[in-house]
Amino acid sequence: MAEVSRYRFFKGGVGLAADISAEVREIAGVPAGALQIYRNVYLHLPAGPLAWKDAAWLSFGLSLHADLLAVADQGCSRVVDVTSLDYPNGDYRAEVAALAMDGWLHRFLDLPPCGASVAYDRESHEFSFSWPGGVTPFADDLP
């Protein structure tokens, strides 16, 4: 059964919010129609309309924990099925999907928070996102 987690960041009258509903399961083999995040860790996106940036940031959020989610049995896969992602009552920033995924994994799978965070600079009216270990999202570290 899908579990709902609500991510909220509000400061000084502005804020970000995302509600994510998801469940995790282990299956034999490789799931059809899922995105491979890491080895045998996969993501199923919601059936309804979803912006491509939301899909990318959900994937990135899951990748921050993928090494902890990998299944030892190479014949099996762990699949995170996201059933919905909504942005209620907040400014829209696609990056919040990654923070919502991090919160969901922490809450329902008891994984430690990865260190992803957001801050708001009142002077510039800008949100800034920080990712663990100096990770640059969507960058390939090539030799």
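Going by the working numbering, the sequence shown opens with residue 1300, and the numbers climb by one from there. Don't be surprised by glycine CBs; every beta carbon is placed ideally from N, CA and C.
Check your understanding: In chain order, which continuous runs of the beta strand (DSSP E) of length 3 or greater are located wholly inside the stretch 1372 to 1424?
Key -> 1375 to 1385, 1416 to 1420
Check your understanding: Secondary structure at A1355, three-state DSSP: helix, strand or coil?
Key -> helix
Practice item. Count the other C-beta atoms from every protein chain shown that fall within 10 angstroms of the C-beta of F1309, then say buried if there are 16 or more, exposed otherwise. Key: Counting Cβ neighbours within 10 Å, F1309 comes out exposed, since fewer than 16 surround it.
Point to revise | Secondary structure of L1441, DSSP reduced to three states | key: Residue placement at L1441 is poorly supported in this model, since its pLDDT is 40, which falls under 50; the coordinates still yield a value, given next. L1441: coil per DSSP, three-state reduction.
Review point. Is it true that the CB of I1319 sits closer than 7 Å to the CB of S1376?
Key: Going by C-beta atoms, S1376 is not nearer than 7 Å to I1319.
**Study point:** Where A1369 falls: helix, strand or coil (DSSP)
**Key:** coil
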